[in-house]
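Engineer: Mapped onto my numbering, the consecutive letters of the sequence shown carry residue numbers -9 to 177.
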Amino acid sequence: MPQLREHQLRVGGVVRLITNDHDSIVTALVHDMGNIVKFDLGKSGLAEDELERWLAEQKQTREMYGTEAHETTYTMLKEVGMTKYVQYLKEEGKAYQWDDLDQEFFINLSKPALLTLYGDLRVGINGVTSIQGRIEDLERRYGAPRPESPWIEKLESYVQTLTMMEIKNIREEMVVPLFDELLTITV
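(1) Hey, would you say tyrosine 78 sits closer than 8 Å to threonine 17, going by beta carbons?
(2) Classify glycine 114 as helix, strand or coil using the three-state DSSP reduction.
(3) By the three-class DSSP mapping on this structure, what secondary structure does isoleucine 121 have?
(4) Once DSSP output is grouped into helix, strand and coil, what is the label at glycine 35?
(5) Does DSSP classify valine 177 as helix, strand or coil?
(6) Can you tell me which of the three DSSP states threonine 106 falls into?
(7) Using 8 Å as the threshold, is the C-beta distance between glycine 32 and leucine 19 below it?
(8) Would glycine 218 pass as a contact of tyrosine 55 if the rule is Cβ separation under 8 Å?
(9) Run through DSSP, which three-state label would asparagine 10 get?
(10) Helix, strand or coil for alanine 85, going by three-state DSSP, please let me know.
(11) Give every residue of the same chain whose Cβ lies closer than 8 Å to the Cβ of leucine 45, excluding the five residues on either side of it in the sequence, and list them in chain order.
(12) So, with DSSP's three-state summary, where would you put leucine 99?
(13) Within a Cβ cutoff of 7 Å, which residues of the same chain sit near glutamate 81, ignoring the five residues on either side of it in sequence?
(14) CB-CB under 8 Å to proline 135, same chain, minus the five flanking residues each way: which ones, in chain order?
(15) I'd like to check one pair, lysine 158 with leucine 91: are the Cβ atoms closer than 8 Å?
(16) May I ask which residues mark the beginning and end of the alpha helix (DSSP H) holding histidine 21?
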């Protein structure tokens, strides 16, 4: 799906600007690969022929893996021998189980989990945005406060300690030129 592909490339691009760590970049690139099972494709804006193709793909994916996006991602990764990335993604997902997180939580995350968490919180439906802009977008779309709200600033502050780049300055025009490089990464 084009939107899903671009989302994952953007998250990978944010992470790539922060680090050269291979596992961190790959984790970001595959973090939502099972999300096709949860999309309402009727609202995707795809042309009719593309819509039919993606509806068929979605149906087949649901039949093979079910309708839970995270489990679908984990199963797909295991099938292609990328089990360590499943562990990073499960670790990243633990952040959403808590109302408030502190720096110690972030210190204890693996780098791939930490940077995928951050990268995903920097990419909105229309591209790279601020971390606060992403939360506001999610709250508008889902009509409820987000569990990340209490700790996003702590996350961003901690990630900033890991790089010389001013991460708040990461923008869409910095990420998109990385797509070709990201599409050729060997896993």
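We put the CB at the ideal spot given by N, CA and C, even for glycine.
Structural biologist: Taking the coordinates as given:
(1) Contact: yes.
(2) Glycine 114 carries a strand assignment under DSSP once its states are collapsed to helix, strand and coil.
(3) In this structure, isoleucine 121 counts as helix in the three-state DSSP scheme.
(4) Here glycine 35 sits in coil by DSSP.
(5) Valine 177 sits in coil when the DSSP states are folded into three classes, being neither helix nor strand.
(6) Secondary structure of threonine 106 (DSSP, three-state): helix.
(7) It is not a contact, given that the beta carbons lie outside the stated cut-off.
(8) The first residue shown for the chain is -9 and the last is 177, placing residue 218 beyond what the model contains.
(9) Correct three-state label for asparagine 10: coil.
(10) Here alanine 85 carries a helix assignment [DSSP, helix/strand/coil].
(11) Cβ neighbours of leucine 45 beyond the five flanking positions: Leu31.
(12) The DSSP-derived three-state label of leucine 99 is coil.
(13) Around glutamate 81: Leu99, Ser100, Ala103.
(14) Excluding sequence neighbours, proline 135 sits near Glu129.
(15) For leucine 91 and lysine 158, no; Cβs fall outside 8 Å.
(16) Looking at the DSSP string, histidine 21 is not in any alpha helix (DSSP H), and its letter there is neither H nor E.
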